[in-house]
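Here is the structure we will look at.
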Amino acid sequence: MDGKDKREIILVPIDFTEQAIYAIAQSYNLARYTSSKLLLLHVYEKQGDEKYDEITKLAKKTADESGVPCDFMNIKGNVYKETVRVAGEAN
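First residue of the sequence shown? That's 49 in the working numbering, and the numbers climb one at a time after it.
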């Protein structure tokens, strides 16, 4: 995330399931209401499951549809540990 932008961050873990995509759409209004930005987080456990192109496109689509700034992180590791770690770093 951009260190200059001091907006609050709404972290949305994403695994590309239908429910996760729905959660992103649900975050739009909250982000607008709180003047926050969105951070999509995809955690993969093994090489080859990165889905970098997919998360890049999804972040752009989310920003375009919502009108809210949207970044993404694509991290290798344990989904539970990495989600907690990123949430802590993002405050």
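Cβ coordinates follow ideal geometry from the N, Cα and C atoms, glycine included. This one's a predicted model, so the numbers in the text were calculated from it and none came from an experiment.
Short of 7 angstroms from the beta carbon of alanine 135, and not among the five residues preceding or following it, lie these beta carbons of its own chain, in chain order: Leu59.
A residue is called buried once 16 or more other Cβ atoms fall within 10 Å of its Cβ, and lysine 109, having fewer, is exposed. For valine 60, the enclosing beta strand (DSSP E) starts and ends at 57-61. Take the alpha-carbon of alanine 107 and the one of lysine 129: they are about 22 angstroms apart. Under the three-state reduction of DSSP output, aspartate 97 falls in the coil class, being neither helix nor strand. Where asparagine 122 is concerned, there is no enclosing alpha helix (DSSP H), although the beta strand (DSSP E) around it starts and stops at 118-124.
A residue is called buried when at least 16 other Cβ atoms come within 10 angstroms of its Cβ; leucine 88 meets this threshold and is buried. Per DSSP, lysine 54 is not a residue of any alpha helix (DSSP H), being assigned neither H nor E.
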